[in-house]
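**Q** The sequence shown begins at 1148 in our numbering and counts up by one.
Have a look at this one before I ask anything.
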Amino acid sequence: MKSPGPKSPGGRSNLQLRVISAVVLIAVALAATWAGGFWFRLLAVAIGGAMFWEWAAMAADRTSLRHRIGTGVLAAIPLGLVLYGASPEVVFGAIAAGAVLTAGVAIMLSQAGGLWVALVYATAPAAALAFLRGADKAGVVAILFLFAVVWATDIFAYFVGRAVGGRKLAPSISPGKTVSGAIGGAAAGLVAGAAVAAGFGSPWSLAAMALLALALSIVSQAGDLFESSVKR
């Protein structure tokens, strides 16, 4: 969602790398979604692990290595349970217990960094993703709907922001994001979600699914801003 600027060979190669990486990741995600079972749970766990790793890296200057390793172990427990195929009650119980324990240790050791938030932020969505996929066709459609909205939002927010530019969305948090990019991303997310709902069928009306897609797109962009604020 950055404003357009002078193009350089380095900029083009960076964009090409982004596109190639995105294509590979999308192909892997779609294959895992279609396969379901262990393979999709593995994808969900990998996403959760990457999210926790990124947060822990951002908190490196505010937390001790021992605290980060300990929290990482506590995060690995629910992720391992997801991979094993444990019930939602067991997985989310492990997440809650890990968060409480991490927060308690942080208070006793006067540790900042919010690693208990990182634990929940990384493991809860990963678990929810795995349980949403489930084992039936409805789960496949639900995941395709979610992926389509998030991917379309990210892609169009980036390119519309570069092409149109204009007023910054939240310059103090993420200087590269623009209002035009946010609007373009939201519109693309709405269209992508509605297209999946129309193509694969939905128990709700197309209008309701379009509104859900718009809400998910907004939440996705808000999540990006939240992560950017944590990085700062």
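C-beta: ideal position from N, C-alpha, C; glycine also.
Return the residue from the list S1319, L1358, G1328, S1168 that minimises the CA-CA distance to F1303.
**A** Along the sequence shown, one-based indexing puts residue 1303 at 156. Checking every option, the nearest Cα to that of F1303 belongs to G1328.
**Q** Within 8 Å, do at least three Cβ pairs link the region 1272-1284 to the region 1350-1367?
**A** The answer is no - the region 1272-1284 does not touch the region 1350-1367, with fewer than three Cβ pairs under 8 Å.
**Q** Leaving out the 5 sequence neighbours to the left and right, which residues in its chain are closer than 6 Å to V1297 when beta-carbon positions are compared?
**A** Reading the sequence shown from its first residue, position 150 is the one you call residue 1297. Taken in chain order, the residues that qualify are S1367.
**Q** Helix, strand or coil, according to DSSP, for A1317 in the structure here?
**A** Reading the sequence shown from its first residue, position 170 is the one you call residue 1317. The answer is strand: DSSP assigns A1317 an E or B state.
**Q** Among the residues of its own chain, which have a CB less than 6 Å from the CB of A1339, if the five just before and after it don't count?
**A** Sequence index remark: in the sequence shown, residue 1339 carries index 192 (1-based). Result list for A1339: A1295, V1296, A1299, in chain order.
**Q** Label L1266 either buried or exposed according to how many other C-beta atoms from any shown protein chain fall within 10 Å of its C-beta, with 16 as the threshold for buried.
**A** Walking along the sequence shown from the start, residue 1266 turns up at place 119. Answer is buried; the Cβ neighbour count reaches 16.
**Q** So, at 7 Å on beta carbons, what are the nonlocal neighbours of A1233 in its own chain, with the 5 sequence-adjacent residues on each side left out?
**A** Reading the sequence shown from its first residue, position 86 is the one you call residue 1233. Contacts found: none.
**Q** Considering just the uninterrupted stretch of the alpha helix (DSSP H) at R1209, what are its terminal residues?
**A** For the purposes of this step, residue 1209 is taken as residue 62 along the sequence shown, with counting starting at 1. R1209 -> no alpha helix (DSSP H), and no H or E assigned at all.
**Q** At 3 residues or longer, what runs of the beta strand (DSSP E) sit wholly inside the region 1289-1318?
**A** Segments of the beta strand (DSSP E) lying fully in the region 1289-1318: 1315-1317.
**Q** I think L1262 touches R1215, with their Cβ atoms under 8 Å apart; what is that distance to the nearest whole Å?
**A** The sequence position of residue 1262 within the sequence shown is 115, counting from 1. The sequence position of residue 1215 within the sequence shown is 68, counting from 1. The Cβ separation is near 7 Å, so the contact holds.
**Q** In chain order, what residues of the same chain lie with their CB nearer than 8 Å to the CB of V1326, ignoring the 5 residues before and after it?
**A** Stepping through the sequence shown from its first residue, residue 1326 is reached at position 179. Cβ neighbours of V1326 beyond the five flanking positions: G1313, R1314, K1315, L1316.
**Q** Looking at C-alpha atoms only, which residue of L1190, R1165, L1363 is the closest neighbour of L1177?
**A** Within the sequence shown, the letter at position 30 stands for residue 1177. Here the closest residue by C-alpha is L1190.
**Q** Spell out the partners DSSP gives T1325 in its beta bridges.
**A** As a position in the sequence shown, residue 1325 is number 178, starting the count at 1. Bridge partners of T1325: K1315.
**Q** Does the distance from the CB of L1221 to the CB of G1245 come in under 7 Å?
**A** As a first step, residue 1221 must be located in the sequence shown, where it is residue number 74. As a first step, residue 1245 must be located in the sequence shown, where it is residue number 98. Yes, Cβ-Cβ distance for L1221 and G1245 is below 7 Å.
**Q** Would you decide whether I1290 is buried or exposed? Buried here means 16 or more other CB atoms lie within 10 Å of its CB.
**A** One-based indexing of the sequence shown puts residue 1290 at position 143. With 16 or more other Cβ atoms within 10 Å, it is buried.
**Q** Drop a sphere of 10 angstroms on the beta-carbon of D1371, count the other beta-carbons inside from all chains shown, and report buried for 16 or more, exposed for fewer.
**A** Here residue 1371 is taken as the residue at index 224 of the sequence shown, counted from 1. Its Cβ being crowded by 16 or more others within 10 Å, D1371 is buried.
**Q** Taking only the alpha-carbon atoms, compute the straight-line gap between A1274 and W1202 and give it to the nearest angstrom.
**A** For the purposes of this step, residue 1274 is taken as residue 127 along the sequence shown, with counting starting at 1. For the purposes of this step, residue 1202 is taken as residue 55 along the sequence shown, with counting starting at 1. Their backbone Cα atoms lie some 18 Å apart in a straight line.
**Q** Of all the alpha helix (DSSP H) runs that stay within the bounds of the region 1186-1265, which reach a length of 4 or more residues?
**A** Correct list: 1212-1231, 1235-1256.
**Q** Is it buried or exposed, A1204, if we count other Cβ atoms within 10 angstroms and call 16 or more buried?
**A** Looking up residue 1204 in the sequence shown gives position 57. Result: exposed.
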